[in-house]
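This report refers to the structure that appears directly beneath it.
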Amino acid sequence: MTSPADDTPQSDGQQSDSDRHNAKMARKKQARDKIMSTKTDEKGLVIVHTGKGKGKSSAAFGMIFRCIAHQLPCAVVQFIKGGMDTGERNLVTAHFGDICQFHTMGEGFTWETQDRERDIAAATAAWEKAKELIVTSAITWFFSTRSTSRCATAISRLRR
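Quick note: the sequence shown uses the working numbering, first residue 94, plus one each step.
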């Protein structure tokens, strides 16, 4: 039996909980290492966050800040925010502009601008900037606000 106070095996040869756990984790690590040794291809990944008020931007900025923390070049293209003062933009441009490009391309929400042609022109300019960054840049992570699944499909094709 094992003594709960010191978690050491008794003389009957039983392993302690700690020893069993360590052996189990060693087997898991060996299996995981075997799987990871086959993962040699590098490929892109498109992540699309959807929904109303579900933390889409928060999730994406979390990934951007992880890239920044690991010194990985990244970029943000905001399609809508325009001249709005945003904390994310202020933080990135003030402290991390060397590692993260930040482009605010829109002119505000479409229900505010009330100018369809101007909105289309702003969205087109933002999409062109996004394509430029995806195709010609050495960035490792790209975040675009308000892109749709249609844009995500186009993004994945641009890097091929």
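C-beta: ideal position from N, C-alpha, C; glycine also.
Keep in mind the model is a prediction, meaning the values are calculated, not measured.
Which of helix, strand or coil DSSP assigns to residue i
{"i": "Ser242", "result": "Interpretation of Ser242 is limited by its pLDDT of 49, a score under 50 that renders its predicted location unreliable; the figure taken from the coordinates is listed afterwards. The answer is helix: DSSP assigns Ser242 an H, G or I state."}
{"i": "Lys145", "result": "coil"}
{"i": "Met198", "result": "coil"}
{"i": "Leu226", "result": "helix"}
{"i": "Ser109", "result": "coil"}
{"i": "Asp212", "result": "helix"}
Cβ-Cβ separation, residue j to residue i (assumed contact under 8 Å), whole Å
{"i": "Thr233", "j": "Leu165", "result": "4 Å"}
{"i": "Arg182", "j": "Phe202", "result": "Incorrect: roughly 16 Å between the Cβ atoms, too far for contact."}
{"i": "Ile192", "j": "Ile161", "result": "5 Å"}
{"i": "Lys222", "j": "Met198", "result": "6 Å"}
One or two residues paired with residue i in a DSSP bridge
{"i": "Ser237", "result": "Val170"}
{"i": "Cys193", "result": "Cys167"}
Spatial distance of residue i from residue j (CA atoms)
{"i": "Lys127", "j": "Asp134", "result": "15 Å"}
{"i": "Ile140", "j": "Glu200", "result": "25 Å"}
{"i": "Trp220", "j": "Leu226", "result": "10 Å"}
{"i": "Lys145", "j": "Thr206", "result": "21 Å"}
{"i": "Asp112", "j": "Gln123", "result": "17 Å"}
{"i": "Lys147", "j": "Gln108", "result": "47 Å"}
{"i": "Ser150", "j": "Met118", "result": "36 Å"}
{"i": "Gly190", "j": "Thr143", "result": "27 Å"}
Own chain partners of residue i with C-beta closer than 6 Å, once the 5 adjacent residues on each side are dropped
{"i": "Ala153", "result": "Phe236"}
{"i": "Asn115", "result": "none"}
7 Å CB neighbourhood of residue i in its chain, flanking five on each side removed
{"i": "Ala216", "result": "Phe172"}
{"i": "Ile157", "result": "Cys167, Val169, Cys193, Trp234, Phe236"}
Neighbourhood of residue i by C-beta, 8 Å cutoff - its chain only, sequence neighbours within 5 removed
{"i": "Ala231", "result": "Pro166"}
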